[in-house]
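Written out below as structure tokens is the structure these notes cover.
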Amino acid sequence: MKTYTDQYDLSQQQPELFWDAQAAHLAWFKTPQRVLTKDEHGIDRWFADGELNTCYLALDHHVGQGHGDRVAIYYDSPVTQQKCAITYHELLDDTARFAGVLSDLGVEKGDTVVLYMPMIPEAVVAMLAVARLGAIHSVVFGGFAPHELAVRIDDAKPKVVVSASCGIEVDKIIPYKPLLDEALEQSHHVPNHCVVVQRPQCAATLQPQRDIDWHQAVKQAKPVPCTAVNGTDPLYILYTSGTTGKPKGVQRDHGGHAVALNYAMRAVYDMAPGEVFWAASDIGWVVGHSFIVYGPLIAGCSTVLYEGKPIRTPDASAFWRVCAEYRVKVLFAAPTAFRAIKKEDPHATGMAHYDLSALAYVFVAGERLDPATYEWLKDRTQKPVIDHWWQTETGWPVCANLMGLEAKPTKPGSSTLPVPGYAVTILDEAGQPVANGQQGAIALKLPLPPGCLATLWQDHERFVRGYLNTYPGYYLTGDGGYVDNDGYVFIMGRIDDVINVAGHRLSTGEMEEIVAANPNVAECAVIGIPDDLKGQKPLGLVVLKDGVDASEASLTAEIVAQIRHDIGAVACFHDAMVVQRLPKTRSGKILRALLRQMAAGEAYKIPSTIDDPGCLNELEQAMRERGITPTAPCS
Numbered sequence: 001m002k003t004y005t006d007q008y009d010l011s012q013q014q015p016e017l018f019w020d021a022q023a024a025h026l027a028w029f030k031t032p033q034r035v036l037t038k039d040e041h042g043i044d045r046w047f048a049d050g051e052l053n054t055c056y057l058a059l060d061h062h063v064g065q066g067h068g069d070r071v072a073i074y075y076d077s078p079v080t081q082q083k084c085a086i087t088y089h090e091l092l093d094d095t096a097r098f099a100g101v102l103s104d105l106g107v108e109k110g111d112t113v114v115l116y117m118p119m120i121p122e123a124v125v126a127m128l129a130v131a132r133l134g135a136i137h138s139v140v141f142g143g144f145a146p147h148e149l150a151v152r153i154d155d156a157k158p159k160v161v162v163s164a165s166c167g168i169e170v171d172k173i174i175p176y177k178p179l180l181d182e183a184l185e186q187s188h189h190v191p192n193h194c195v196v197v198q199r200p201q202c203a204a205t206l207q208p209q210r211d212i213d214w215h216q217a218v219k220q221a222k223p224v225p226c227t228a229v230n231g232t233d234p235l236y237i238l239y240t241s242g243t244t245g246k247p248k249g250v251q252r253d254h255g256g257h258a259v260a261l262n263y264a265m266r267a268v269y270d271m272a273p274g275e276v277f278w279a280a281s282d283i284g285w286v287v288g289h290s291f292i293v294y295g296p297l298i299a300g301c302s303t304v305l306y307e308g309k310p311i312r313t314p315d316a317s318a319f320w321r322v323c324a325e326y327r328v329k330v331l332f333a334a335p336t337a338f339r340a341i342k343k344e345d346p347h348a349t350g351m352a353h354y355d356l357s358a359l360a361y362v363f364v365a366g367e368r369l370d371p372a373t374y375e376w377l378k379d380r381t382q383k384p385v386i387d388h389w390w391q392t393e394t395g396w397p398v399c400a401n402l403m404g405l406e407a408k409p410t411k412p413g414s415s416t417l418p419v420p421g422y423a424v425t426i427l428d429e430a431g432q433p434v435a436n437g438q439q440g441a442i443a444l445k446l447p448l449p450p451g452c453l454a455t456l457w458q459d460h461e462r463f464v465r466g467y468l469n470t471y472p473g474y475y476l477t478g479d480g481g482y483v484d485n486d487g488y489v490f491i492m493g494r495i496d497d498v499i500n501v502a503g504h505r506l507s508t509g510e511m512e513e514i515v516a517a518n519p520n521v522a523e524c525a526v527i528g529i530p531d532d533l534k535g536q537k538p539l540g541l542v543v544l545k546d547g548v549d550a551s552e553a554s555l556t557a558e559i560v561a562q563i564r565h566d567i568g569a570v571a572c573f574h575d576a577m578v579v580q581r582l583p584k585t586r587s588g589k590i591l592r593a594l595l596r597q598m599a600a601g602e603a604y605k606i607p608s609t610i611d612d613p614g615c616l617n618e619l620e621q622a623m624r625e626r627g628i629t630p631t632a633p634c635s
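For the record, in the sequence shown the residue sitting at position 71 is 71 according to the UniProt record's numbering, with numbers rising by one throughout.
Here's what the structure looks like:
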């Protein structure tokens, strides 16, 4: 079982045997006897009869084994000039006491708690405390606008919301409490209480009876023990981009999640207990859940919690400073972070000031790693650069170069090979596997390995409809790509309308709804166009109503402001272009894929179903005037 082929073949031929062996690495309260079963919906479930607690695995177990003095979290906040090292024993004490706070507020096993917090230690404590009680947390990224928070509160129906008085950016303070208050005014569900961390940079006004000061509550609380849960009980809900309307809540189980992350830390990232892992992300995203909080702590590692940016905190050498200061072994970030560093410091002169001898690997994910960024990063760091691919839905890597098992040669543009447990298949429109080198839809043959979603929060029908029905027997990833003759997987992009802006998956459909609501707009399309820094950025194509004489500049300003209010600055929507008409099929469907191809400079064919081919010439001219160079149609 020491080679990649050995492990991969066993995971495919005898998955129960393979994953039973991985589960044996964890401290279960009750060892599972049934590794893989079917639930009442016929969905594959892992470790259903096992009992455990994820917080226990992350904290209590390590302290009980005599590792309480090991550093669990290195907190580094260049925006507040604060640093601290929190041991496993200290983190366990803080978590057990905050679990006592939540318990006193009525939170029990199976209840939900929404977290709306910045990158501070209390956010990690809150996640672990919810898990300790057997409750379910839903972390909402602090950059989201009140409307986005409100719809998630309505969907998750939390008993308690945990927040902070503010978040801190490079050059500004963002008061969170007013945003939370506005969200609660919009939401139909009303939580019983809100617990608020008061930060000295911006104190919040607390509402009597409902709002509770975190620090005061913790002083009065008593620590509580872990609650045993079943392997298939939900640990968290994490909302991911989808179409407009009801949000799509990915539901993660305790058992499979813990087994998969513990395996990934060893096999993919080559991490051992006591070593330092840094995922330069945010706890609001799946990377933060899996590899800032749960993965490193379950594996007994030290994790870096960084409240800052790759640049301007204070400069483009911030990442290298953190890696050197904490002897980071693995750095994991999105390509957009390294593109920002490259833009500010193209020759990486700032890197020369820091000792990076402890840094063994640089992992990237979240969006396609373009070859130019790959080559720059590899050349400047002189470290292995590993592109790997996974999704919010899977929770851990689908394809990677497994550095803890058997390192393979890398290929620019490829996320290397499928991780043991995943059967990656490229399918054509008819659902048939295609030949090597031929592009198609990337699907995962069932059963999915542990750690992947088994349903969507309170919407199983949508789960089946969105992921399983397209290709029976397969999970549809929504990404397109191909596999070469060596088995290497190449991810080419999304096959739906979700774009990837600086590692954040955002729905163009949701943006279109906001643009279309403008009283001057007759119709619109929002597409993702290539961006050197962020990977993609949204562009709005707008057709005005007859008789409207609004300037393009004023209209753009209105739309940008509305999207910022409804979605948040994370959307990075800055540009709307007024056009005379949009290309459509005869049935009236806007040809968005064609628009994306034009704007990206890709070859495209004019479809036979187009209603008015003449509009393409107008669009090409309009794009050129905006600095976008579209391609001409191919024959």
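Heads up, the beta-carbon is just placed ideally off N, CA and C, and yes, glycines get one too.
Partner residues in a beta bridge of C615, as assigned by DSSP, do not exist. A Cβ-Cβ distance of about 7 Å is found for the pair I567 and E510, placing them in contact under the 8 Å criterion.
Take P175, set aside five residues on each side of it, and the residues of its chain with a beta-carbon closer than 6 Å to its own are C166, C202, in chain order.
Taken in chain order, the complete beta strand (DSSP E) segments of 3 residues or longer contained in the stretch 147-183 are 160-164, 166-168, 173-175. Three or more Cβ pairs drawn from the stretch 248-264 and the stretch 387-401 lie within less than 8 Å of each other, which places the two stretches in contact. Here H504 has V570 as same chain residues with Cβ atoms under 6 Å from its own Cβ, once five neighbours each way along the sequence are excluded.
In the DSSP assignment, D9 falls within the unbroken alpha helix (DSSP H) covering 4-13.
In this structure, A334 and G366 form a Cβ contact; the two beta carbons are roughly 4 Å apart against a cut-off of 8 Å. In the same chain as P418, and ignoring 5 residues on each side of it, the C-beta atoms closer than 6 Å to its own belong to C399, V424, in chain order.
In the structure shown, G249 falls within a strand segment according to DSSP collapsed to helix, strand and coil. Look at the stretch 246-308 and you find these whole runs of alpha helix (DSSP H), each 4 residues long or longer: 254-267, 295-298. Per the DSSP secondary-structure output, G481 pairs in a beta bridge with G440, I491. Look at the beta carbons and you see the stretch 68-81 touching the stretch 298-309: at least three pairs across the two are nearer than 8 Å.
For Q536, the three-state secondary structure derived from DSSP is strand.
As the crow flies, the alpha-carbon of Q220 is around 54 Å from that of D6.
Burial check for A372: the Cβ neighbour count within 10 Å stays below 16, so the residue is exposed. Per DSSP, W457 lies in no alpha helix (DSSP H) segment and is marked neither H nor E.
Non-local C-beta neighbours of K30 in its own chain, meaning closer than 7 Å and more than five positions away in sequence, comprise G50, E51, ordered along the chain. Along the stretch 542-579, the beta strand (DSSP E) occurs as fully enclosed runs of 3 or more residues at 576-578, listed in sequence order. Distance from P158 to T112 at the Cβ level is roughly 5 Å; contact confirmed, criterion being Cβ atoms closer than 8 Å.
With a cutoff of 8 Å on beta-carbon distance, V197 and A23 are scored as not near each other. Taking the Cα of D20 as reference, the smallest distance to any Cα among H62, W389, H41, W46 is reached at W46. Residues of the same chain with a CB within less than 7 Å of the CB of A217, apart from the 5 flanking positions on each side, are V101, V195 in chain order.
For W320, the enclosing alpha helix (DSSP H) begins and ends at 318-325. For the pair D532 and L541, the Cα-to-Cα distance works out to about 21 Å. Per DSSP, the beta bridge partners of W389 are C399. Taking every protein chain shown into account, the CB of H257 has 16 or more other CB atoms within 10 angstroms, so this residue is buried. Judged by DSSP secondary structure, Q82 falls within the beta strand (DSSP E) whose first and last residues are 82-87. Membership of I341 in the alpha helix (DSSP H) is indicated by the continuous run 335-344.
A contact between stretches requires three or more CB pairs, one per stretch, nearer than 8 Å, and the stretch 285-296 fails this requirement with the stretch 312-322.
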